[in-house]
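Chains as they are written, first to last, in my numbering: chain L, -4 to 317; chain P, 673 to 1019; chain D, 181 to 510. Every residue, glycine too, gets a C-beta built ideally from N, C-alpha and C.
So this is what it looks like as structure tokens:
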């Protein structure tokens, strides 16, 4: 049959493909006599998470610990499974980036039963989860929402229509930053009205698509924009340009993260404010904390990282986070 | 060139192809064990099985659907919908009744699929694509895109905690289901009828088998297993989420195909599906233990998949050759006795 | 292809009713008109130049992929699920290389590499005869994995804001460049499918593979060609997407394959091959995009729009099956 050599060739081609994949591939696991940290992170490629991961690795390296990093790729189900893997692997310490305020609790209980110290990084979890982790390192996301509300309220003079571009639905950071914002506005007695809240998963492209919809629906009625992070705010700006509107007519935008692009935009007058939150500090603090715990030291239950509000006033004197 | 062709035609090679699933499984185990020494420990194996149990439940249903010659892409969405129901109704109905209703949702979803494919005669790829989009959007609609939690995180530990230090409850559930399916496919008349429906629906109909009824039933079964998977998954994390199960359908299809079930219908094996699932389970656990990024695992899964269907194509082109182990041994003996005859076939 | 008579089982020749003869062809334009009316009634923002231009922009990226997917459908290639991977390849490569060799050469490289993936698909499906669904699924997973490994886990940023301005700009201040590119691709695709020899071969392969085998049509080449074309066009979409965002990650193409399939199916192109056309597929895309637009204007959030889409696909295909049977073609 003439197909035989063809199929044989195809098998060879697939094998070549496999080799190509392996060539670009990963490393075997290292074994250390010292500390094994299992780090369940949010993603492998994200503007904020990636520098946080790198800082984490650096700090762990310095202390002589090995890190086994598992990425949830923003999928909670994967994360809960990976947490179980960490526990079964017998890690010396677990660092978890929770994408959901509650779903990890069963896994955390298992970690506690196995006597493995566990901390959560960056995103808060519900009150019920508190007894199951040893420490929470990271920014105060609710506070960030509050600061953003102050900034937007100030620039809009207390009144106007805003849209909120929120992060991943159900994520503790999203909830904190959004609730902090809306509750602060109520506290201030502001007359700012929230037209709509959309979820863009902390992703620029999704924010672009969601912003297109917002602009379609509200167009020039939008007086201000609050984005849960700068990455998504960039998506809004992309949508604005795409719709043929002039950048000078952009409504004031408040974002969070303190990215370079946000800084440039503040200097150009197209962005109102951002809140600097250093991913490097986030990662570093988490690594240092878990290592302390593995070594038997006690740490505070809540270890915050500092926040700075940046507007055109101080944009030249502050460094961008990343 | 002739030597190459003869190599591909030899009984050894074809024997390898025939038992490819078992061979891939063994190869996976060997490679994983050499990369990760601890992988063959019982604890690691138990973890692998537990890890794959959600996908496994969906794969069981999918095996039956594929056997009938159809496709079902909506498993993941049904999973999420059932999970949301099981967690969401906990307050009103109590945990166990809510779980039962959750499975019921899966049954209903399967009925919808069956209706689309059998009654409206829509191609199953398109129909289950449509129902996938619909159910997924329904999940988002009900939950307003926010995951929510149930009453008690400890309740779900029942299914995901290893029993007496061995395997978890959900592992036992899917293994039992697979064994039951295997028995049904090989022993029950209805099971064998399904093979007939899958390979030649017209002929099956002509011999008195109600093909449409069978096809409808497979979709209902797939919906039920996806529903069960969703309920168990949501209970184990005490969360109902509109984004659960997004990769489950494709993983399940991969496992079933690796296990030798044909997409065109007429050939399936529950044990093959088990083999495919084990391959993926061990791969996942081994990769995670050794800090290998997820994309490498994806590449490996994709390659195995391609390899398997290529080899499968091979086997189908060699019908009529006796490829069993006994025939192979006979031919080896004959070749040893008559060294100048290189190729001999069993009669 | 119009027939004015039809055969029904039993062998009698009957006059077709007006509805069943033209139903299939007119349903789509009628549907679009209905949507336009509905949209205007429901929202005063709908019938504005700005809004309708936005609809066209939203359509453009998926539209380019739809052209390729139509070829796949017509040639009975089922579907090409490797689209997310080839889109990602295009987007990532163009941005990685834009400061090394310039944006437009980098775009070419991106499209070429994507088409290589298409060649692999084509060989496996067209020549080795593997099932296209699983094959493109697997190859997509592999290519995406290689892309992720290549990029090393970070987002690729572009260096060429000038190219972005060109692409996201408008000709004469009115017509968006990206829409022009899409229309050009659609036109070329339509000419290829409806007028060229390759197009005729594609229809032949899709409608009656056994009869075609006896003829001189190179079946395997045609089947492979559809996949090469889809991968190339998906690569092009990825390149355009990457340039217009100046940022790309491997997940950039997620979901586009199902969007394309939805459009093609709603447009009435049959999964079983042998019928349909580019204008019909584009019509389907326009219908879906308009519907989305109307829902957005009404404030329906994005996710539940999927319910409508799902119901739409089911309805469209069911209608098509029904009309076919009434029209005497099964």
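Measure the alpha-carbon distance for residue i versus residue j and round it to whole angstroms.
i, j, result
"residue 137 (chain L)", "residue 255 (chain D)", "55 Å"
"residue 242 (chain D)", "residue 499 (chain D)", "24 Å"
"residue 718 (chain P)", "residue 738 (chain P)", "28 Å"
"residue 828 (chain P)", "residue 437 (chain D)", "36 Å"
"residue 325 (chain D)", "residue 371 (chain D)", "35 Å"
"residue 248 (chain D)", "residue 72 (chain L)", "34 Å"
"residue 475 (chain D)", "residue 969 (chain P)", "39 Å"
"residue 202 (chain L)", "residue 210 (chain L)", "12 Å"
"residue 241 (chain L)", "residue 235 (chain L)", "8 Å"
"residue 166 (chain L)", "residue 831 (chain P)", "25 Å"
"residue 243 (chain L)", "residue 295 (chain D)", "41 Å"
"residue 313 (chain L)", "residue 305 (chain L)", "8 Å"
"residue 773 (chain P)", "residue 757 (chain P)", "7 Å"
"residue 26 (chain L)", "residue 48 (chain L)", "Bear in mind that a pLDDT of 40 at residue 26 (chain L), under 50, signals an unreliable position, so the number given afterwards is only what the model happens to contain. Going by the C-alpha atoms only, they are around 20 Å apart."
"residue 995 (chain P)", "residue 691 (chain P)", "With a pLDDT of only 46 at residue 995 (chain P), under 50, the local geometry of the prediction cannot be trusted, and the value read off the model is given with reservation. If I take the Cα positions, the gap works out to 9 Å."
"residue 218 (chain L)", "residue 180 (chain L)", "15 Å"
"residue 951 (chain P)", "residue 975 (chain P)", "13 Å"
"residue 248 (chain L)", "residue 162 (chain L)", "16 Å"
"residue 450 (chain D)", "residue 934 (chain P)", "23 Å"
"residue 991 (chain P)", "residue 985 (chain P)", "Any reading at residue 991 (chain P) must be qualified, since the residue scores a pLDDT of 49, below 50, and its modelled position is unreliable; the value itself is stated next. Roughly 11 Å separates the two Cα atoms."
"residue 267 (chain L)", "residue 222 (chain L)", "12 Å"
"residue 106 (chain L)", "residue 195 (chain L)", "32 Å"
"residue 420 (chain D)", "residue 358 (chain D)", "8 Å"
"residue 221 (chain D)", "residue 416 (chain D)", "37 Å"
"residue 452 (chain D)", "residue 253 (chain D)", "7 Å"
Residue i CB to nearest chain P CB: under 7 Å?
i, result
"residue 80 (chain L)", "yes"
"residue 101 (chain L)", "yes"
"residue 16 (chain L)", "Note on residue 16 (chain L): pLDDT 39, under 50, position unreliable in the model; no value is reported."
"residue 67 (chain L)", "no"
"residue 403 (chain D)", "no"
"residue 445 (chain D)", "yes"
"residue 459 (chain D)", "no"
"residue 377 (chain D)", "no"
"residue 281 (chain L)", "no"
Just checking: is the beta-carbon of residue i within a distance shorter than 7 Å of some beta-carbon in chain L?
i, result
"residue 842 (chain P)", "no"
"residue 961 (chain P)", "yes"
"residue 692 (chain P)", "no"
Would you grab the beta carbon distance between residue i and residue j for me? Rounded to a whole angstrom, and I think it's under 8 Å.
i, j, result
"residue 52 (chain L)", "residue 62 (chain L)", "6 Å"
"residue 441 (chain D)", "residue 259 (chain D)", "6 Å"
"residue 74 (chain L)", "residue 111 (chain L)", "Rounded, the Cβ-Cβ distance is 16 Å, inconsistent with contact."
"residue 857 (chain P)", "residue 731 (chain P)", "Wrong, their Cβ atoms sit about 14 Å apart, outside the cutoff."
Starting from residue i, follow its DSSP beta bridges and name the residues at the other end.
i, result
"residue 186 (chain L)", "L:154"
"residue 33 (chain L)", "L:63 and L:89"
"residue 893 (chain P)", "Per DSSP, none; premise fails for residue 893 (chain P)."
"residue 347 (chain D)", "According to DSSP, which records beta bridges pairwise, residue 347 (chain D) is partnered with nothing at all."
"residue 169 (chain D)", "In this structure chain D extends from 181 to 510, so residue 169 (chain D) is not present and cannot be described."
"residue 826 (chain P)", "According to DSSP, residue 826 (chain P) bridges with nothing at all."
"residue 113 (chain L)", "L:89"
"residue 194 (chain L)", "L:161"
"residue 484 (chain D)", "DSSP lists no partner for residue 484 (chain D)."
Any beta-carbon of chain D closer than 7 Å to the one on residue i?
i, result
"residue 208 (chain L)", "yes"
"residue 292 (chain L)", "no"
"residue 199 (chain L)", "yes"
"residue 40 (chain L)", "yes"
"residue 269 (chain L)", "no"
Name, please, each residue of chain B whose Cβ falls closer than 9 Å to the Cβ of residue i.
i, result
"residue 264 (chain D)", "Although the question refers to chain B, the structure presented lacks it and instead comprises the protein chains L, P and D."
| query | Would the segment 458 to 471 of chain D and the segment 375 to 382 of chain D be scored as touching if the rule is three or more Cβ pairs under 8 Å? | reply | no
| task | Evaluate the contact criterion for the segment 62 to 73 of chain L versus the segment 129 to 147 of chain L: three or more CB pairs, one atom per stretch, below 8 Å. | result | Output reads no: the segment 129 to 147 of chain L does not touch the segment 62 to 73 of chain L.
| said: With a threshold of 8 Å, are at least 3 pairs of Cβ atoms found where one atom belongs to the segment 104 to 122 of chain L and the other to the segment 143 to 152 of chain L? | reply: At 8 Å Cβ cutoff, the stretches do not touch.
| query | Quick check: the segment 230 to 244 of chain D against the segment 464 to 473 of chain D, are there 3 or more CB pairs under 8 Å? | reply | Counting Cβ pairs under 8 Å, three or more are found: they touch.
| query | Does the pairing of the segment 278 to 293 of chain L with the segment 251 to 270 of chain L give three or more beta-carbon distances under 8 Å? | reply | Taking 8 Å as the limit for Cβ pairs, the verdict is that the segment 251 to 270 of chain L does not touch the segment 278 to 293 of chain L.
| request: For the segment 810 to 819 of chain P and the segment 898 to 916 of chain P, state whether three or more C-beta atom pairs, one from each stretch, are separated by less than 8 Å. | output: yes
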